[in-house]
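A short write-up of the structure that comes next.
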Amino acid sequence: MEMTREIENEIVTYLFEAERDRREVVKVSDKYPGLTIEKAYDLQEELLRRKIATGTRSIGYKLGLTSKAKQQMMGVFEAIYGELTSDMLALEWEQLDFNKLIHPKAEPEIAFFMGEDLKGTNITGEDVLRATQYVAAAIEIIDSRYLDFKFTLPDVVADNCSSAKFMIGSKMVPVRDVNLPEVGIVFTKNNEVVATGAGAAVLGDPAVSVAWAVNKLGERGLGLRKGDVILSGAITEAFAFGPGDTIAAQFTGLGNVSFSCK
Ligand code: OOG
Ligand code: MG
Numbered sequence: 002m003e004m005t006r007e008i009e010n011e012i013v014t015y016l017f018e019a020e021r022d023r024r025e026v027v028k029v030s031d032k033y034p035g036l037t038i039e040k041a042y043d044l045q046e047e048l049l050r051r052k053i054a055t056g057t058r059s060i061g062y063k064l065g066l067t068s069k070a071k072q073q074m075m076g077v078f079e080a081i082y083g084e085l086t087s088d089m090l091a092l093e094w095e096q097l098d099f100n101k102l103i104h105p106k107a108e109p110e111i112a113f114f115m116g117e118d119l120k121g122t123n124i125t126g127e128d129v130l131r132a133t134q135y136v137a138a139a140i141e142i143i144d145s146r147y148l149d150f151k152f153t154l155p156d157v158v159a160d161n162c163s164s165a166k167f168m169i170g171s172k173m174v175p176v177r178d179v180n181l182p183e184v185g186i187v188f189t190k191n192n193e194v195v196a197t198g199a200g201a202a203v204l205g206d207p208a209v210s211v212a213w214a215v216n217k218l219g220e221r222g223l224g225l226r227k228g229d230v231i232l233s234g235a236i237t238e239a240f241a242f243g244p245g246d247t248i249a250a251q252f253t254g255l256g257n258v259s260f261s262c263k
């Protein structure tokens, strides 16, 4: 079925309202099985425009499904990218409000802060390191708008890759002071270790993961801007949490990041 402008707008409204009203919805591909990945990125961009019209700002990008743990968990075997907006930034010292989310999960990630613009279609991990000012510990809160957190690749792309919230640890580390693939991660829920991992879980090197996103953005004429924050993708599986839970991630060399949920 041909996807008309009208249908595209209808899908974007559907996803925008699901997030706004905190409602799980049937995935888009059930109704539109012909949805392609390219078209899904068009929808993601349109969804971003809608959000910006409500007063939020674009502050960077996130990678998704860059580790085997996440690909196996979600049954999707390709990396994806989504948009980060200013309203997603949560603070470590403020409790996260469960009632503002649908069925959130937390995952540990390494955040990059760009010291320069970076755009192209042949960008390498080394180029990313050169353009990065700092890296930091991060936790991403994903909250798919789809029923039971189940989707196909185009569905999750259109839904801005399940993005909801993220928090950044307070330690900003110059990127050359740390060997990212060797950074060890201990992920805990209520002081119990739920997963361990290393930076290398993310496409062998989190900088390679960021390079992948830059090249994908480059194909669409987009790129990273100085000051952007990039979440390089979950290192372990994601874990569900609820009111009363505390989630923490410890990273060798990058410090800790944690939050509790009310
Ligand atoms: C898609 C988003 C994946 C990651 O870091 O792998 C993601 C999902 O799992 O719902 O953010
Ligand atoms: Mg993530």
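The numbering of the sequence shown is our numbering, which starts it at 2 and goes up by one.
Note that the Cβ used here is the ideal one computed from N, Cα and C, for glycine as well.
Would you decide whether residue 110 is buried or exposed? Buried here means 16 or more other CB atoms lie within 10 Å of its CB. With 16 or more other Cβ atoms within 10 Å, it is buried.
From the DSSP output, in three-state form, read off residue 96 for me. Here residue 96 carries a coil assignment [DSSP, helix/strand/coil].
Could you say if the region 189-198 and the region 162-175 meet the contact criterion of at least three C-beta pairs nearer than 8 Å? Not touching, per the Cβ criterion.
If you scan the region 141-205 from start to end, which runs of the beta strand (DSSP E) of 3 or more residues do you find wholly inside it? Qualifying beta strand (DSSP E) stretches, in chain order: 164-169, 185-190, 193-199.
Tell me whether residue 232 is buried or exposed, calling it buried when 16 or more other Cβ atoms sit within 10 Å of its Cβ. When all chains shown are included, residue 232 counts as buried.
Evaluate the contact criterion for the region 243-254 versus the region 175-191: three or more CB pairs, one atom per stretch, below 8 Å. Touching, yes, given that three or more Cβ pairs across the two stretches are closer than 8 Å.
Here's the rule I'm using: 16 or more other beta-carbon atoms within 10 Å means buried, otherwise exposed. How should residue 161 be labelled? With at least 16 other beta carbons inside 10 angstroms of its own, residue 161 counts as buried.
Which residues bound the alpha helix (DSSP H) around residue 30? Per DSSP, residue 30 belongs to the alpha helix (DSSP H) from 29-32.
Reduced DSSP category for residue 245 - H, G, I as helix; E, B as strand; rest coil: Residue state, collapsed to three classes: coil.
One or two residues paired with residue 251 in a DSSP bridge: Looking at the DSSP assignment, residue 251 forms a beta bridge with 187, 257.
Pick out whichever of 27, 22, 39, 25 has its Cα sitting closest to the Cα of residue 4. In terms of CA proximity to residue 4, 39 leads the group 27, 22, 39, 25.
Any residues whose CB sits closer than 6 Å to a heavy atom of the ligand MG? List them in chain order? So the residues near the ligand MG by this Cβ test are 63, 65, 108, 110, 141, 143, 232, 234, 235.
Is residue 146 buried or exposed, if buried means 16 or more other CB atoms sit within 10 Å of its CB? The residue in question, residue 146, is buried, as its Cβ has 16 or more Cβ neighbours within 10 Å.
Straight-line CA distance for residue 33 to residue 26? So the alpha carbons of these two residues sit roughly 14 Å apart.
Classify residue 207 as helix, strand or coil using the three-state DSSP reduction. Residue 207: helix per DSSP, three-state reduction.
Helix, strand or coil at residue 41 [DSSP, three-state]: Residue state, collapsed to three classes: helix.
Is it the case that the CB of residue 29 approaches a heavy atom of the ligand OOG more closely than 7 Å? No, since every heavy atom of the ligand OOG falls outside the 7 Å radius drawn around the Cβ of residue 29.
By DSSP, does residue 17 sit in helix, in strand, or in coil? In this structure, residue 17 counts as helix in the three-state DSSP scheme.
Rounded distance between the beta-carbons of residue 176 and residue 41, thought under 8 Å: Incorrect: roughly 31 Å between the Cβ atoms, too far for contact.
Cutting at 6 Å between CB atoms, please list the residues of its own chain near residue 61, excluding the five before and the five after it. If the five residues before and after residue 61 are omitted, its C-beta is found closer than 6 Å to the C-beta atoms of 85, 229, 230, 231, all from its own chain and listed in chain order.
Taking the alpha carbon of residue 117 as the reference point, which residue from 132, 54, 23 has its own alpha carbon closest? For residue 117, the closest of 132, 54, 23 by C-alpha to C-alpha distance is 132.
Between the region 6-25 and the region 57-74, do three or more beta carbon pairs fall short of 8 Å? Verdict: no, contact absent.
Mind checking residue 244: buried by the 16 CB within 10 Å criterion, or exposed? Under this definition residue 244 is an exposed residue.
Which one of 223, 45, 95, 192 has the shortest CA to CA distance from residue 121? Per the C-alpha coordinates, the member of 223, 45, 95, 192 positioned closest to residue 121 is 223.
Segment limits, alpha helix (DSSP H) that includes residue 74: Judged by DSSP secondary structure, residue 74 falls within the alpha helix (DSSP H) whose first and last residues are 69-75.
Kindly list the residues whose CB is nearer than 8 Å to the CB of residue 212, restricted to its own chain and excluding five residues on each side of it in sequence; keep chain order. Its chain contains 124, 125, 126, 128, 129 as the residues whose beta carbon lies nearer than 8 Å to that of residue 212, once the 5 sequence neighbours on both sides are disregarded; these appear in chain order.
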